[in-house]
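Scroll down for the structure; my scribbles are underneath it.
Set out below in C-alpha cells:
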C-alpha cells in the first residue's frame, strides 16, 4: 500500500469512470485479487476511494482553501482504516505505475511537455497561471500570492534572484524571484528552465516581461536585481531589463574568494589564506570610493557590482540574498523533502500546492502576530535612543541632525521622507537608532520603519488571503493603542524628491504600559543604598579598596538602560544567593554517580528532563554556517543548500 501513502504527492484531476476503466483493463487474469487486497467489494466503493485521491490532489481552489487540508487528513485516515495487508505487491505497483504514467506523463522526454500543456487549463481554472515556451524550454508559474506580491511597495525597488537544480531526473533549473516585505520575502514567480545558460534564463525572464501586466509594482522592471556571481544570469537580466541595475551578494563574493583560497589547484599556503582573505575584506568594505580604487585594480571592472562604496540607500540595507537562499532551502526541504520529483509536471504541482500553502501560512502567522521578530527589533532600537534629548536635535528643511553617542561633536543627518541616515548603518537605507530618535521625539516614520503597524499586518494579510482578507480592525491589538501622527503616506519610490510634501494620516502602534516607580521613590531608594554602602566601607576598612575600584570601572562601562538594569539586577549574585534552600538534599549512591554518562552532574542535584540543553557537551557539533567564524579558524565553509 506504499503507493497510496505516496499518492498525495501526485496531481490527478481526472474522471472517475475513466480511472475505473483503466484499473480493470490491465488486470486480465483476476480483477478481484487487487480489489481484495484493498478490501473493496463493489464498484461504488472503488469509485469512492478514487474520489478521495482526486479531491486530495487537485489544484488548490481559493474558494475552498481553508477546508482543503482538513479534508485531506480525513481522507488519509479513511484509507488507513479501510486498507488491509496487500497480498500481491506487484499488482498494486502495476496499478500505480499506469496511473502515474496516465496523469503525470513519462519521466523524461517530449511527453512531459505535452502532459504539462494538457494540464494547463486545469491550473488556469483554479487561479494558477502557467506559461510554457518550447525552444528553449521554459515554464513560468504564477500563483495567486505571486500575482499579488507584484503590488508590494518594494517590488519595484529590489528583487532577489537565485537558482537551484538537481530537483528532478533531468536536472532542470528552478529560479526564484522574490521581493522583501514585512514578513520576510514574498515570491514574484518561479521559473523552470532546461539549463543555466544565458538563452535559457533569457527565455524565462521574457515570459515574466510579456505575461505579467502589473509586473514589479506596475513599473515593468525593478531598480535593483540582487544575484549570485553568475554571468549567464546577470547578462540575461541586463538583456531583458536594461534599465535595472545588477548587484552581487557580498556573502557569495567572500565565499567564492575563500573557496578559491582553499582550492588545492591554486597552491595557496594555509598560513597565507587568512591574511589574503582579510585584505580582500578590506577591499569589499571600503567606505569611500578613493579607498576602494586604491585597494583593488584587477577587479575594478566589476567592482561596482559588489563593493559597498558604490552602493546607496536604494537597496534598503540588503547586501546579501539571504531571502532567496532560505527560499531555496524551504523548497528542497519542506516541499520536496530532499527527494527528487518524478518529472517537471510534479514540480509544477508542488509549486502550485505545497509551496503556495507554505507562504500562505507564513504570511498569516505574521499578520496574526505570531511572529514577534519585528516588534522585538523595534523595541531594541528604541532602547538605544535614550542618550539623546530633544533639545540636542536640530531641524532644517525636513532634515534632522542627531548627535553621535560616542562623539557629541559629530552630527548625523536623517531624512525620514526617503529613509536614510548619514551613519554607516543608515547610509544604505537600513533602519538605525538615529532614525529611531527622530521617531521618538518627532513621530516621523520612514519607508524602512520596522513593520509593527496595523497597516503592515493588513498588507501581508491581503497578500495571503486576497479579497477574503478581514477588515483592518481585526488586526488591532488588545492592548491600548496610541495614535501617532506622522508624515504619511510616505512614497516608497526611492527616487522621490525628499522635499515633496505628503499628507498626514494616523497610524496605530501598540505600546505596552509598564508600571514605573516615581522619580522620588527611586531617589529615596538610592539614598538608602548609598548609606548602606558607606556603612560597610567604614566597617570593613581598607580591604574594600580594590573591589570598590572594580565596582567603579564596571559602572563606567554602562551606557544604555538595559546595561544599567542588568547591573542592578545581578549585583552581588556571584557571592550571595538570592534564594536560600531550607531543606536538605537527598544524597545518591556513589555507584549511581559512576554509572552516569559524561556531562551529567556528579552531585546530588536533580537531573534535567526533556529537551537537552544547548550547552550539552555530548551533542555532536556540526560545522557552523558562519563564514566569518570559519575564516577566523581557517577552515572550509559549510554549504547552505
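In UniProt numbering, the protein residues as written are 1 to 641. Where a beta carbon is used, it is the ideal one built from N, C-alpha and C, also for glycine. Quantities reported herein were computed from a predicted structural model and do not represent experimental measurements.
query                                                                                                                                                                                               : result
By the 10 Å Cβ neighbour count, where 16 or more other Cβ atoms means buried, how is residue 188 classified, buried or exposed?                                                                     : buried
Helix, strand or coil for residue 245 per DSSP?                                                                                                                                                     : strand
Where residue 169 and residue 561 are concerned, what is the direct C-alpha to C-alpha distance, given to the nearest angstrom?                                                                     : 58 Å
Under DSSP, the alpha helix (DSSP H) around residue 161 begins and ends at which residues?                                                                                                          : Per DSSP, residue 161 belongs to no alpha helix (DSSP H); it is in the beta strand (DSSP E), 158-164.
If I follow the unbroken beta strand (DSSP E) through residue 323, where does it start and stop?                                                                                                    : Not the beta strand (DSSP E): residue 323 falls in the alpha helix (DSSP H), residues 322-330.
Once you ignore the five residues that flank residue 203 on each side, which residues in its own chain have a CB closer than 6 Å to its CB?                                                         : 133, 136 and 138
Can you tell me whether residue 559 is buried or exposed, with buried defined as 16 or more other CB within 10 angstroms of its CB?                                                                 : exposed
Please tell me whether residue 421 has its Cβ less than 7 Å away from any Cβ of chain C.                                                                                                            : The chain labelled as chain C is not found in the depicted structure, where only one protein chain is given.
Pull up the distance between the alpha-carbon of residue 144 and that of residue 459, whole angstroms please.                                                                                       : 15 Å
Between residue 387 and residue 402, is the Cβ-Cβ spacing less than 7 Å?                                                                                                                            : no
Am I right that residue 181 and residue 154 are in contact with their C-beta atoms under 8 Å? What's the rounded C-beta distance?                                                                   : 7 Å
Near residue 587, what residues of its chain come up, given a Cβ to Cβ distance below 6 Å and the 5 sequence neighbours on each side ignored?                                                       : 604
So, do the stretch 361-368 and the stretch 153-167 have three or more beta carbon pairs nearer to each other than 8 Å?                                                                              : no
Using 8 Å as the threshold, is the stretch 116-131 in touch with the stretch 333-349, meaning 3 or more CB pairs across them?                                                                       : yes
Which residue spans inside the stretch 158-244 form an unbroken beta strand (DSSP E) run of at least 3?                                                                                             : 158-164, 173-181, 184-193 and 224-227
Taking 7 Å as the threshold (C-beta atoms), are residue 382 and residue 436 in contact?                                                                                                             : yes
Please look up how many angstroms separate the CB atoms of residue 244 and residue 222, rounded, as I've assumed it's under 8 Å.                                                                    : 6 Å
Whether or not the stretch 320-334 and the stretch 161-179 are in contact is what I'm after, with contact meaning three or more pairs of Cβ atoms, one per stretch, closer than 8 Å; do they touch? : yes
In three-state terms, what does DSSP make of residue 138?                                                                                                                                           : strand
How is residue 33 classed by DSSP in three states: helix, strand or coil?                                                                                                                           : Only weak support exists for where residue 33 lies, its pLDDT of 47 falling under 50; the coordinates are left without a value.
If you draw a straight line from the C-alpha of residue 538 to the C-alpha of residue 392, how long is it?                                                                                          : 42 Å
Could you give the distance in angstroms between the alpha-carbon of residue 360 and the alpha-carbon of residue 175?                                                                               : 20 Å
Between residue 355 and the rest of its own chain, which residues show a CB-CB distance below 6 Å, the 5 nearest in sequence each way excluded?                                                     : 335
State buried or exposed for residue 125, treating a residue as buried only when at least 16 other CB atoms are found within 10 Å of its CB.                                                         : exposed
Using DSSP bridges, identify the partner residues of residue 421.                                                                                                                                   : 414
By Cβ distance below 8 Å, which residues in the same chain neighbour residue 343 in space, the five residues on each side in sequence not counted?                                                  : 104, 105, 106, 107, 108, 112, 168, 169 and 170
Measuring alpha carbon to alpha carbon, tell me which residue in 597, 90 and 352 is nearest residue 122.                                                                                            : 352
What residue range does the beta strand (DSSP E) around residue 403 cover?                                                                                                                          : 399-403
With a 10 Å radius around its C-beta and 16 neighbouring C-beta atoms as the bar for buried, classify residue 490 as buried or exposed.                                                             : Legend: pLDDT at residue 490 = 40, less than 50; position of this residue unreliable, value from coordinates given subsequently. Result: buried.
Need the endpoints of the beta strand (DSSP E) that residue 133 sits in, please.                                                                                                                    : 129-133
Thinking residue 631 and residue 274 are a contact (beta carbons under 8 Å), I'd like their distance in whole angstroms, please.                                                                    : 7 Å
Since residue 395 sits in a beta bridge, which residues does DSSP pair it with?                                                                                                                     : 400
In angstroms with no decimal places, state the Cα-to-Cα distance between residue 526 and residue 396.                                                                                               : 41 Å
From this set, 166, 173 and 179, which residue's C-alpha is nearest residue 148's C-alpha?                                                                                                          : 179
Which residue comes first and which comes last in the alpha helix (DSSP H) that contains residue 594?                                                                                               : 590-595
Just to confirm the assignment, what range does the alpha helix (DSSP H) spanning residue 432 have?                                                                                                 : Residue 432 -> no alpha helix (DSSP H), and no H or E assigned at all.
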